[in-house]
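A.B. asks: For the sequence shown, the residue numbers in the UniProt record's numbering are 1 to 226. Note that beta-carbon positions come from the ideal geometry of N, C-alpha and C, so glycine has one too. Model, not experiment: these values are computed from the prediction.
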Amino acid sequence: QTQQQQQQSASLNYSAFPADLQTSSNNIIVPAIGDVNTASTAPSGSGRAPLLPPPQVIYRSYFERDDDGVCDISKNSKFLQEAVKRKHAADKEQNLFNQVTLYLEAVTYFILSGAVLEQHRNSEDASWVMYKDTLNLIKFISSKIKHLQVSSTANELHEPHNKVAILSLRCQSLISLKLYKLKRHYCRSIINHCADLLKSGRMEVINGNTLSSNSPSNSVCSQVIH
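#1: State yes or no: is the C-beta of glutamate 105 nearer than 8 Å to some heavy atom of the ligand FAD?
#2: First and last residue of the alpha helix (DSSP H) that includes leucine 112?
#3: Does the Cβ-Cβ distance between tyrosine 103 and glutamate 82 come in under 9 Å?
#4: Quick check: the region 86-100 against the region 116-135, are there 3 or more CB pairs under 8 Å?
#5: Just to confirm my understanding: we take lysine 183, look at its own chain, exclude 5 residues before and 5 after, and list those with CB closer than 8 Å. What are they?
#6: For the 8 Å Cβ check, are there 3 or more pairs between the region 159-179 and the region 132-144?
#7: Less than 6 Å between C-beta atoms, sequence neighbours within five positions excluded: which residues of the same chain meet that for arginine 86?
#8: Are phenylalanine 79 and leucine 112 touching if we call contact CB-CB under 9 Å?
#9: Whether or not the region 158-169 and the region 139-147 are in contact is what I'm after, with contact meaning three or more pairs of Cβ atoms, one per stretch, closer than 8 Å; do they touch?
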């Protein structure tokens, strides 16, 4: 009877699991969807229970998710509170490694808060400011990580410090890409407008003086830059 129970438990159909166990989330171990063929997983006549396939680990970025739970605007205040709480705790932390870790946790919640704001059309500018401030915070953390890597001499300390440094660079890369995507249409429109202005070769009047667009020092772009 015990052997029959083991065979029944080994021949489970993963499709019978709830939907929330079949969908992947960040750093969640999920089983492969499909039927398990017990005949092919165990040798015939062995008398042992067949082995289940190993679980699959799927990693996804918060920027690549379309999770309705994150889109709830009511969760923005919770994420923001957790971010501010961890940032204040990091400001008071004396241990440098623990301080950097708390800062990175705060960055994660700031990113979640920005993701919630991004899902609402009226909050696009607010999400851009949130990502921009978070990027500045990560750059501040990176300066501390460099000092942490230099001060660590033992080999066992290099590995966690390097992991934190890689995580910091990964966050910088993702946020920089997100900032570009949020403003790329606006930037392209400005570039096209400047290109059309330079091609037209029009005479512009600034402060009562007629300036030629052919002069590099008196061009419209140079006036805007200065």
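C.D. replies: Quick answer:
#1: Among the components modelled here there is no ligand, and therefore nothing to report on the ligand FAD.
#2: In the DSSP assignment, leucine 112 falls within the unbroken alpha helix (DSSP H) covering 96-118.
#3: No, the Cβ-Cβ distance between tyrosine 103 and glutamate 82 is not below 9 Å.
#4: When Cβ pairs closer than 8 Å are counted between the two stretches, the region 86-100 is seen not to touch the region 116-135, the count staying below three.
#5: Same-chain partners within the cutoff: Trp128.
#6: Yes, the region 159-179 touches the region 132-144.
#7: Contacts found: Leu102, Glu105, Ala106.
#8: The Cβ atoms of phenylalanine 79 and leucine 112 lie closer than 9 Å to each other.
#9: Flag = yes, the region 139-147 and the region 158-169 touch.
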